[in-house]
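Undergrad: Quick one: the structure is below, questions incoming.
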Amino acid sequence: MDPLPQLKMLTEEESMMTVEQWIRREIERESRMLKEDAERQLAAVKEKAAQMRRDIEVL
Numbered sequence: 069m070d071p072l073p074q075l076k077m078l079t080e081e082e083s084m085m086t087v088e089q090w091i092r093r094e095i096e097r098e099s100r101m102l103k104e105d106a107e108r109q110l111a112a113v114k115e116k117a118a119q120m121r122r123d124i125e126v127l
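Under our numbering, the first residue of the sequence shown carries the number 69, and numbering increases by one thereafter.
Printed below as a string of structure tokens:
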């Protein structure tokens with residue numbers, strides 16, 4: 069995970085948040101991105117395994 073970005077300006081929504089709320093939102097956003105990335109990588113591994121299985125079955 070990257071360090072927290074330098075904020076130049078907060079949105080209106082962000083300026084109404086407490087620090088804890090903002091941090092929790094950032095954690096949720098980063099968690100969602102991490103999960104999506106993991107799911108993409110897993111799908112790629114599964115596809116590669118399926119292709120290898122097909123290649124082996126041809127032999």
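Ideal Cβ positions, reconstructed from N, Cα and C, are used throughout, including at glycine. Quick caveat: nothing in here was measured; it's all calculated off a predicted structure.
Are the beta-carbon atoms of E82 and W90 separated by less than 8 Å?
TA: Yes, the pair counts as a contact, with Cβ atoms nearer than the cut-off.
Undergrad: How is M101 classed by DSSP in three states: helix, strand or coil?
TA: Three-state DSSP puts M101 in a helix.
Undergrad: Distance, Cα to Cα, E88 vs E96?
TA: Rounded to the nearest angstrom, the two C-alpha atoms are 12 Å apart.
Undergrad: Could you have a look at Q109 and say whether DSSP puts it in helix, strand or coil?
TA: Q109 falls in the helix class under three-state DSSP.
Undergrad: Tell me, please, whether the CB atom of E98 is closer than 8 Å to any CB atom in chain D?
TA: No chain D is present in this structure, which holds just one protein chain.
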